[in-house]
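Please read the structure below before turning to the comments.
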Amino acid sequence: MSTPLRLGTRGSALAMAQSGHVAEALTAATGREVELVEVVTAGDRSSAPVHRLGVGVFVSALRDALTAGTIDLAVHSYKDLPTAAAAGLHIAAVPPRQDPRDALVATGGRTLAELPPGAVVGTGALRRIAQLHALGLQLEVTPMRGNVDSRLRRVLGPEADLDAVVLARAGLARLGRTDVITETLDPMLMLPAPAQGALAVECRADDHDLVELLAVLDHAPSRAAVTAERALLATLEAGCSAPVAAYAELAEGDAGDEIYLRGAVISPDGTRDLRLSRTGTPADAAEIGKALAAELLELGADSILGHEGHTGPGTQQFGSTE
């Protein structure tokens with residue numbers, strides 16, 4: 000019998016659910032047993048706002064454990080990964096992506112349009128804050144941290160202090176909490192973060208047997224969509240203070256499958272909101288993202304990014320799926 004594979008994961012309920020799903024899928028597909036190994040990250044030890052914590056706060060400890068050989072593979076929320084490649088490591092699989100849209104959980108079962116002016120909405124992402132301001136609904140938007148349950152308590156609990164929160168729908172789905180969603184937000188209103196809803200299964204690049212084993216979990220359409228979105232992000236060289244959104248969809252075109260990529264750069268106060276789209280083939284996913292980023296830069300995205308802090312390629316940190 001082969002020894003169980005050691006899968007490194009953060010200890011939050013959502014991270015454990017994500018990693019458990021990957022472990023079960025891998026065992027079902029290959030027969031190989033997998034055990035979860037909890038790894039505490041810098042992001043888990045801090046209560047500071049995500050965008051102030053620095054790069055890779057939910058990732059670096061897992062990658063250190065991979066490099067050291069104390070775990071064999073790790074599962075990340077793909078949107079937590081910096082765009083720069085990690086030396087010696089390889090994204091061996093992108094499993095089928097969950098619904099990447101954002102979700103509203105509001106008191107009284109209300110939708111976003113039904114919230115009155117002055118309603119207090121909590122979210123941990125500058126991207127969401129910027130887009131909520133851009134909608135011009137006169138909402139009071141407040142930054143927040145914490146896991147899914149702690150955020151939901153601030154709306155649904157006996158000591159609730161918010162009118163609504165905005166979370167990733169994928170996280171709620173993986174925790175079996177979609178029943179609390181009062182509105183799944185149309186990307187026309189709230190464009191998701193690059194790679195939102197996607198997972199990245201990572202291992203050491205020189206572990207060729209494991210790279211081959213994990214390939215069974217890879218979902219080509221999900222990988223292509225994420226590749227396009229993250230190529231846009233990397234080309235923009237967006238710093239952690241710059242709200243950038245991207246959403247790629249695959250659809251059947253006249254000449255085969257096509258990628259339809261939408262991208263946006265929004266100032267935190269919502270007063271500047273640049274949005275463009277571009278199409279192409281899945282094989283050209285990275286080039287589509289780069290080209291769309293170039294168009295956004297031509298429209299002045301660099302001035303938004305520069306004003307908020309231009310920190311160079313590979314330094315993005317857009318916050319945990321939670």
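Oh and the sequence shown: position 152 is 151 in numbering that gives the first Met the number 0, straight run, nothing missing.
Every residue, glycine too, gets a C-beta built ideally from N, C-alpha and C.
Please return the same chain residues whose Cβ sits closer than 6 angstroms to the Cβ of Ala-245, not counting the five positions on each side in sequence. Within the sequence shown, residue 245 is the residue found at index 246, counting from 1. Cβ neighbours of Ala-245 beyond the five flanking positions: Pro-193, Glu-228, Leu-231 and Gly-262.
Three-state secondary structure (DSSP) of Leu-304: If you number the sequence shown from 1, residue 304 lands on position 305. DSSP places Leu-304 in helix when its eight states are reduced to three.
Please tell me whether Val-33 and Leu-65 are closer than 8 angstroms, where the distance is taken between their beta carbons. As a first step, residue 33 is located in the sequence shown; it is residue number 34 there, counting from the start. As a first step, residue 65 is located in the sequence shown; it is residue number 66 there, counting from the start. Going by C-beta atoms, Val-33 is not nearer than 8 angstroms to Leu-65.
Just confirm the distance between the C-beta atoms of Cys-202 and Asp-71, as a whole number of angstroms; I'd bet it's less than 8 angstroms. What you label residue 202 is simply residue 203 of the sequence shown in a count that begins at 1. What you label residue 71 is simply residue 72 of the sequence shown in a count that begins at 1. With a Cβ gap of about 6 angstroms, Cys-202 and Asp-71 count as contacting.
Ordered along the chain, which non-local residues of its own chain (more than five positions away) have a Cβ less than 6 angstroms from that of Pro-99? Along the sequence shown, read from residue 1 onward, the residue named residue 99 stands at position 100. Within the same chain, Pro-99 has close Cβ partners Pro-191, Gln-195 and Gly-196.
Can we count Arg-173 as close to the ligand NAP, meaning its CB is less than 7 angstroms from some heavy atom? The ligand NAP is not part of the structure shown, which contains no ligands of any sort.
Three or more C-beta pairs closer than 8 angstroms, one from the stretch 89-97 and one from the stretch 157-165: is that the case here? The stretch 89-97 is not in contact with the stretch 157-165.
Looking only at its own chain, which residues have a Cβ that is under 6 angstroms from the Cβ of Leu-298, when we skip the five neighbours before and after it? Here residue 298 refers to the residue found at position 299 when the sequence shown is read from its first residue. Counting only Cβ-Cβ distances below 6 angstroms, and skipping sequence neighbours, we find Leu-273.
With Ala-172 as the anchor, note down where its alpha helix (DSSP H) starts and where it stops. As a first step, residue 172 is located in the sequence shown; it is residue number 173 there, counting from the start. First-last of the alpha helix (DSSP H) with Ala-172: 168-173.
Measure the alpha-carbon distance for Leu-131 versus Met-189 and round it to whole angstroms. Along the sequence shown, read from residue 1 onward, the residue named residue 131 stands at position 132. Along the sequence shown, read from residue 1 onward, the residue named residue 189 stands at position 190. So the two alpha carbons sit approximately 8 angstroms from each other.
Give the DSSP-derived three-state secondary structure of Ala-28 in the structure shown. One-based indexing of the sequence shown puts residue 28 at position 29. Reduced to three states, the DSSP call for Ala-28 is helix.
Taking contact to mean 3 or more Cβ pairs, one atom from each stretch, closer than 8 angstroms, check whether the stretch 202-215 and the stretch 171-186 are in contact. no
Quick check on DSSP: helix, strand or coil for Glu-257? Counted from its first residue, the sequence shown places residue 257 at position 258. If DSSP states are grouped into helix, strand and coil, Glu-257 belongs with the strands.
Identify the residues that DSSP records as bridge partners of His-75: which are they? Translated into positions along the sequence shown, residue 75 becomes position 76. Beta-bridge pairing links His-75 to Ala-199.
Reduced DSSP secondary structure (H/G/I, E/B, other) of Pro-220: Counting from one through the sequence shown, the residue named residue 220 turns up at place 221. DSSP places Pro-220 in helix when its eight states are reduced to three.
So, at 6 angstroms on beta carbons, what are the nonlocal neighbours of Arg-271 in its own chain, with the 5 sequence-adjacent residues on each side left out? On the sequence shown, position 272 is the one that residue 271 refers to. Once the five neighbours on either side are set aside, the close Cβ partners of Arg-271 are Ile-303.
Pop quiz: Val-74 and Val-225 are said to be a contact at Cβ under 8 angstroms. What is the actual Cβ separation, rounded to whole angstroms? Start at 1 with the first residue of the sequence shown, and residue 74 comes out as number 75. Start at 1 with the first residue of the sequence shown, and residue 225 comes out as number 226. Wrong, their Cβ atoms sit about 14 angstroms apart, outside the cutoff.
Indicate the three-state DSSP secondary structure (helix, strand or coil) for Arg-62 in the structure shown. Residue numbering aside, residue 62 sits at position 63 when the sequence shown is read from its first letter. In this structure, Arg-62 counts as helix in the three-state DSSP scheme.
Buried or exposed: Val-39, going by 16 or more other Cβ atoms within 10 Å of its Cβ? Here the question's residue 39 lines up with position 40 in the sequence shown. Residue burial annotation: Val-39 is exposed, with fewer than 16 other C-beta atoms found within 10 angstroms of its C-beta.
Asp-206 (DSSP reduced to helix, strand or coil): On the sequence shown, residue 206 is found 207 positions in, with the first residue counted as 1. Asp-206: coil per DSSP, three-state reduction.
Classify Glu-23: buried if its beta carbon has 16 or more other beta carbons within 10 angstroms, exposed otherwise. For this step, residue 23 is matched to residue 24 along the sequence shown. The residue is exposed, with fewer than 16 neighbouring Cβ atoms inside 10 Å.
Note the first and the last residue of the continuous alpha helix (DSSP H) segment covering Ala-129. Taking the first residue of the sequence shown as 1, we reach residue 129 at position 130. Where Ala-129 is concerned, the enclosing alpha helix (DSSP H) stretches over 125-133.
CA-CA distance, Asp-301 and Asp-148? Stepping through the sequence shown from its first residue, residue 301 is reached at position 302. Stepping through the sequence shown from its first residue, residue 148 is reached at position 149. Straight-line Cα distance between these residues: approximately 37 angstroms.
Taking DSSP as the reference, what is the three-state secondary structure of Val-215? Position 216 of the sequence shown, counted from the first residue, corresponds to residue 215. In the structure shown, Val-215 sits in a helix (DSSP, three-state: H, G or I).
Closest Cα partner of Asp-101 within the set Ala-67, Ala-16 and Thr-181: As a working mapping, residue 101 is identified with position 102 in the sequence shown. Checking every option, the nearest Cα to that of Asp-101 belongs to Thr-181.
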